[in-house]
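Numbering (our numbering), first residue to last: -8 to 104.
Here a beta-carbon is modelled for each residue, glycine too, at the ideal position from N, C-alpha and C.
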């Protein structure tokens, strides 16, 4: 896969493992943020082709508003969660979804769609 990806994950250990996997998928740049503030700062600085977003961040924040913003910018959005498929607004109907713990083949397929 070409392009750059924004990866938002509050669990540091999970983010390290998955970031390495995303690099192996061929993304030219993997930018990791651990909270919404970091993620929004990255979006202001860079253009991304893809975004992998943990739905529920540890501090109670959710990534749906960020996902809508990214989607409007033409970014391919994929949600990752261990709580089952997220209920998405109509503006996010094209977003992908993968269950945690992440399975390499499922993640690759969701990002490629």
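Within the same chain, Cβ atoms closer than 6 Å to the Cβ of residue 52 are found at 27, the five residues on either side in sequence being excluded. Contact holds between the region 61 to 70 and the region 37 to 49, because three or more Cβ pairs, one in each stretch, are under 8 Å apart. Leaving aside the five residues that flank residue 24 on each side, the residues in its chain whose CB is nearer than 6 Å to its CB run, in chain order, -1, 30 and 33. Secondary structure note for residue 70: its beta strand (DSSP E) is the uninterrupted segment 67 to 72. The bridge partners DSSP lists for residue 47 are 53.
In the structure shown, residue 103 adopts helical secondary structure according to DSSP, grouped into three states. Assignment of residue 32 by DSSP, reduced to helix, strand and coil, places it in the helix class. In terms of Cβ geometry, residue 16 and residue 79 do not form a close pair [threshold 9 Å].
For the pair residue 22 and residue 62, the CB atoms are not nearer than the 9 Å cut-off.
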